[in-house]
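Step one of this worksheet: look at the structure below.
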Amino acid sequence: SRLRQENMEDQMLREVAVMRSLRHENIVALRDVMESNNHYYLILEYVPGGELFDKIVQLKRLDESTARQYFHQLVAGIYYCHSKGFAHRDLKPENLLLDANGTLKISDFGLSNLQQDFLLQTVCGTPNYVAPEVLMERGYNGLSADIWSCGVVLYVMVAGRLPFEDRNMNALLAKIERGEYQMVRHVSEAVKDLIARMLTVDPKKRITLEGIIAHPWFALGWDPQRLHEAAETNWA
Numbered sequence: 005s006r007l008r009q010e011n012m013e014d015q016m017l018r019e020v021a022v023m024r025s026l027r028h029e030n031i032v033a034l035r036d037v038m039e040s041n042n043h044y045y046l047i048l049e050y051v052p053g054g055e056l057f058d059k060i061v062q063l064k065r066l067d068e069s070t071a072r073q074y075f076h077q078l079v080a081g082i083y084y085c086h087s088k089g090f091a092h093r094d095l096k097p098e099n100l101l102l103d104a105n106g107t108l109k110i111s112d113f114g115l116s117n118l119q120q121d122f123l124l125q126t127v128c129g130t131p132n133y134v135a136p137e138v139l140m141e142r143g144y145n146g147l148s149a150d151i152w153s154c155g156v157v158l159y160v161m162v163a164g165r166l167p168f169e170d171r172n173m174n175a176l177l178a179k180i181e182r183g184e185y186q187m188v189r190h191v192s193e194a195v196k197d198l199i200a201r202m203l204t205v206d207p208k209k210r211i212t213l214e215g216i217i218a219h220p221w222f223a224l225g226w227d228p229q230r231l232h233e234a235a236e237t238n239w240a
């Protein structure tokens, strides 16, 4: 329908506006936009290494050292987005790409929205990765919801499976709303603790990005300068 077409165009233009404003080594760059009578052409940075999802599937799961390296990059990119007032709202391994050097790049900002301290009212994202407050349609802070999704991504990296799974959609949603998941045995207590703090149902009690960065598991090998150096560098 015409309305649907206009909504799709609005969403695409929103993605363009977001991507044009974000310049960071861990975010897929929008190089150019071209328009014809019926089409928009987005020229994106070439990221040949595929999805992080495929790497996890191939290896069954990632060891904690490798997972930490990717998680450092994810947090650096999200920290930058949030500092600009954007929540991604659809974080999952399929939207995390790897370049030829294995650098992680966050893609697909189609659901992104300027946060500006108001509560978002639309339900976005893939159910397995979506925060409980989003599913309950209560109005939510997109920045806190991104942290939940990052927690699911970290769980998937170290466990090789989703924390919240059920073939029955209502049962799946109930598990997410209760924060009910089983932690795998082979991972360290430190990463279990960090995941638990991210997968906290009450967004007011959920760990912040600053809390993640200060967490002992995350802090290993982390250089705080990365939050500043990675942004807006190497841009012509």
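Numbering (my numbering), first residue to last: 5 to 240. C-beta: ideal position from N, C-alpha, C; glycine also.
Quiz item: Quick one: what does DSSP say A135 is sitting in, helix, strand or coil?
Solution: For A135, the three-state secondary structure derived from DSSP is coil.
Quiz prompt | Of the listed residues M202, M161 and K64, nearest to E184 (C-alpha basis) | solution = Among M202, M161 and K64, the Cα nearest to that of E184 belongs to M202.
Quiz item: Quick check: the segment 24-35 against the segment 46-60, are there 3 or more CB pairs under 8 Å?
Solution: Because the criterion of three Cβ pairs below 8 Å is met, the segment 24-35 and the segment 46-60 touch.
Self-check item: Three CB pairs or more closer than 8 Å across the segment 165-172 and the segment 98-113
Solution: No, the segment 165-172 is not in contact with the segment 98-113.
Quiz item: What are the complete beta strand (DSSP E) segments, minimum 3 residues, inside the segment 39-100?
Solution: When DSSP assignments are scanned along the segment 39-100, the uninterrupted stretches of beta strand (DSSP E) that are 3 or more residues long and fall wholly within it turn out to be 44-48.
Practice problem: Please name the residue, chosen from D94, H190, S87 and S192, that lies closest to A149 on a Cα-to-Cα basis. | Solution: With distances taken between CA atoms, A149 lies nearest to D94 out of D94, H190, S87 and S192.
Quiz item: What residue from V156, L108 and H219 has the CA that sits closest to E193's CA?
Solution: The shortest C-alpha separation from E193 is found at H219.
Quiz prompt | Straight-line gap, L198 to V191 (C-alpha atoms, nearest Å) | solution = Rounded to whole angstroms, L198 to V191 spans 12 Å at the Cα level.
Quiz item: Going straight from the alpha carbon of P131 to that of L63, what length do you get?
Solution: The straight-line gap from Cα to Cα measures roughly 24 Å.
Exercise. Measuring alpha carbon to alpha carbon, tell me which of G164, E181, L78 and D206 ends up nearest K59.
Key: Distances from the CA of K59 to each of G164, E181, L78 and D206 were compared; the closest alpha carbon is that of G164.
Self-check item: Spatial neighbours of L108 in its chain, beta-carbon cut-off 7 Å, leaving aside the 5 residues before and after
Solution: Leaving aside the five residues that flank L108 on each side, the residues in its chain whose CB is nearer than 7 Å to its CB run, in chain order, N30, L56, Y74, Q77, L78, L100 and L102.
Quiz item: What are the partner residues of D2, as DSSP defines its beta bridges?
Solution: Outside the displayed span of the chain (5 to 240) sits residue 2, for which this structure offers no information.
Quiz item: Given Y44, which residues of its chain have a CB within under 7 Å of its CB, disregarding the five upstream and five downstream residues?
Solution: Around Y44: M16 and V37.
Quiz prompt | 4 or more residues per run - each alpha helix (DSSP H) lying fully within the segment 170-203 | solution = Counting whole runs of 4 or more residues, the segment 170-203 contains the alpha helix (DSSP H) stretches 173-182 and 193-202.
Practice problem: Select from I82, W221, E39 and V157 the residue whose C-alpha is nearest the C-alpha of R65. | Solution: Measuring from the Cα of R65, the nearest candidate turns out to be V157.
Self-check item: Coarse secondary structure for I211, derived from DSSP in three states
Solution: I211: coil per DSSP, three-state reduction.
Self-check item: D71, buried or exposed, once every other Cβ within 10 Å from all chains shown has been counted against 16
Solution: With the sequence shown as reference, residue 71 is identified as Ala, and Asp is not the correct amino acid for it. Per the 10 Å Cβ criterion, buried.
Practice problem: Kindly give me the distance between the Cβ atoms of E13 and V162, rounded to whole angstroms, as I take these residues to be in contact under 8 Å. | Solution: Rounded, the Cβ-Cβ distance is 40 Å, inconsistent with contact.
Quiz item: Anyone know if the C-beta pair for Y83 and L177 falls short of 9 Å?
Solution: No.
Practice problem: Report buried or exposed for G81, applying the criterion of at least 16 other Cβ atoms within 10 angstroms of its Cβ. | Solution: By the neighbour-count criterion, in which a residue is buried when 16 or more other Cβ atoms sit within 10 angstroms of its Cβ, G81 is buried.
Self-check item: Residues near V160 by beta carbon distance below 7 Å, same chain, minus five either side
Solution: Apart from sequence neighbours up to five positions away, the residues of its chain that approach V160 with a beta-carbon distance below 7 Å are I60, P97 and L166, ordered along the chain.
Quiz item: Given a threshold of 16 other Cβ atoms within 10 Å of its Cβ, counted over all protein chains shown, does L147 qualify as buried or as exposed?
Solution: It is buried - the Cβ of L147 has at least 16 other Cβ atoms within 10 Å.
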